[in-house]
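Written below as structure tokens is the structure these notes are about.
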Amino acid sequence: MKNNNDTGENSTAGKLQAKDIPAALLAGNTSRIHAQMTDDFKQMVSEEDLQSTARSMLQGVQSFQSVGGSSELNGYRQDSWLSDNGKLGLTTMLDKQDRIAAMQLQPVESFPATDKSLSKTTYRMPFDGEWYVFWGGTNVMQNYHYAVESQRYAYDLVQSKKRMSYSGDPKKNESYYAFGQPVLAPADGKVVSVVNTIADNEPVGVMNPKQPGGNMVVIDHGGEYSMLAHLQKGSVTVKPGDSVQAGDPIGKVGNSGNSSEAHMHFQVSDGPDLMTNKSIRIRWKNDIQPVKGQIVDASSSQIIQDSE
């Protein structure tokens with residue numbers, strides 16, 4: 001894609017489109033951006049706050065380049081850009097009426113040494129079927145986990161149909177396509193720990209930060225540990241000491257722990273503790289490297305739809 005900063009901010013007579021926002025910010029048109037925010041977002045960020053933040057963080061920035069294209073889920077479109085000096089990320093979320101529901105400027109760090117160091121074990125996706133990558137990649141715009149060493153290369157995955165992760169009442173777990181889907185062992189190994197008694201969050205949107213991983217299974221793959229979190233209460237079918245082979249059923253996708261909706265948090269680490277050990281970038285079957293906005297056919301380990 002071309003540099004989005006090269007597109008004039010007045011490409012439409014009415015509202016700014018996502019691609020126009022970087023140029024508007026750099027031009028100092030914060031009043032126009034603020035006017036296009038949703039009422040909820042305006043309550044969180046005043047026009048003065050936006051102006052002050054932009055002034056201080058955009059010093060030395062001349063342009064922004066699109067990162068990873070656009071991703072759309074549940075009526076919201078997310079776009080991200082990286083500044084020309086590589087030090088600042090910009091992320092926006094627009095609703096179907098092009099109202100700005102969220103926007104973030106954040107410092108960007110990169111970790112090239114660990115980005116290049118893949119796991120020794122080759123892993124399959126921990127389920128079958130098609131899954132949408134909600135968070136995944138090697139920058140904080142595509143993967144918010146990236147800023148935290150213990151979860152840097154983690155993935156959050158949901159199921160979607162027609163760019164929606166649910167159908168029906170969004171407050172009920174059963175409305176989400178991922179909820180209750182079988183979870184499979186991602187590689188051969190030995191189960192080292194299990195949590196299976198934490199309630200799934202309901203109504204959806206209420207989270208449990210005191211038990212962040214929720215129900216989970218940790219598997220030792222010869223010194224590398226896969227962690228499968230937020231599982232459905234009571235669904236885990238393995239116990240510590242069990243040997244598993246790639247593809248064996250071990251539980252079901254749930255919405256337990258610090259989870260905003262039914263999804264799979266999956267990562268590989270150099271130790272069995274989700275919060276303290278170091279995350280390892282995953283060597284996937286067929287050498288795929290999924291990123292935010294892509295759809296993966298887990299059964300064949302193929303990316304079947306890219307971000308726009």
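Numbering (full-length UniProt numbering), first residue to last: 1 to 308.
A virtual CB, placed ideally from N, CA and C, is assigned to each residue, including glycine.
Note that the structure is a prediction, hence the values are computed from the model and not measured.
Query: Which residues bound the alpha helix (DSSP H) around Ser193?; Result: Segment Gly189 to Val195 is the beta strand (DSSP E) holding Ser193; no alpha helix (DSSP H) there.
Query: Check whether the Cβ atoms of Val253 and Val133 lie closer than 8 Å to each other.; Result: no
Query: Let's test the definition: count the other Cβ atoms within 10 Å of the Cβ of Lys19 and tell me whether it reaches 16, buried, or not, exposed.; Result: buried
Query: Taking the Cβ atom as the reference point for each residue, do Lys162 and Asp98 lie within a distance shorter than 8 Å?; Result: no
Query: Can you tell me whether Lys2 is helix, strand or coil according to DSSP?; Result: Low per-residue confidence applies at Lys2: pLDDT is 30, beneath 50, and the placement is therefore not dependable, though the value from the model is reported in the following sentence. DSSP places Lys2 in coil when its eight states are reduced to three.
Query: Give the range of the beta strand (DSSP E) segment to which Leu94 is assigned.; Result: Leu88 to Leu94
Query: For Tyr144, count neighbouring C-beta atoms within 10 Å of its own C-beta (all shown protein chains included) and say buried if the count is 16 or more, exposed if not.; Result: buried
Query: Could you say which of Gln65, Leu50 and Thr92 lies nearest to Gln17 if we only look at CA atoms?; Result: Thr92
Query: Which residue marks the beginning of the alpha helix (DSSP H) containing Pro182, and which one marks its end?; Result: Premise fails: Pro182 lies in the beta strand (DSSP E), Pro182 to Leu184, not in any alpha helix (DSSP H).
Query: Taking only runs of the beta strand (DSSP E) that begin and end inside the segment 230-257, which ones reach a length of at least 3 residues, in chain order?; Result: 249-252
Query: Is the number of C-beta pairs between the segment 185-205 and the segment 218-237 that are closer than 8 Å three or more?; Result: yes
Query: Going by CA-CA distance only, name the one from Ser260, Met264, Gly213 and His221 that's closest to Ser243.; Result: His221
Query: So Gly86 and Met141 are in contact, right, with Cβ under 8 Å, and what is the actual spacing, rounded?; Result: Contact doesn't hold; Cβ gap of about 12 Å is too wide.
Query: With DSSP as the reference, identify every bridge partner of Arg99, one or two as the case may be.; Result: Answer is none; Arg99 lacks a bridge partner.
Query: Rounding to the nearest angstrom, what Cα-Cα distance links Gly214 and Tyr177 in this structure?; Result: 19 Å
Query: Put Gln145 into one of helix, strand or coil per three-state DSSP.; Result: Gln is not the amino acid found at residue 145; the sequence shown has His there. The answer is helix: DSSP assigns His145 an H, G or I state.
Query: Give me the Cα-Cα distance between Met227 and Leu94, rounded to the nearest whole angstrom.; Result: 32 Å
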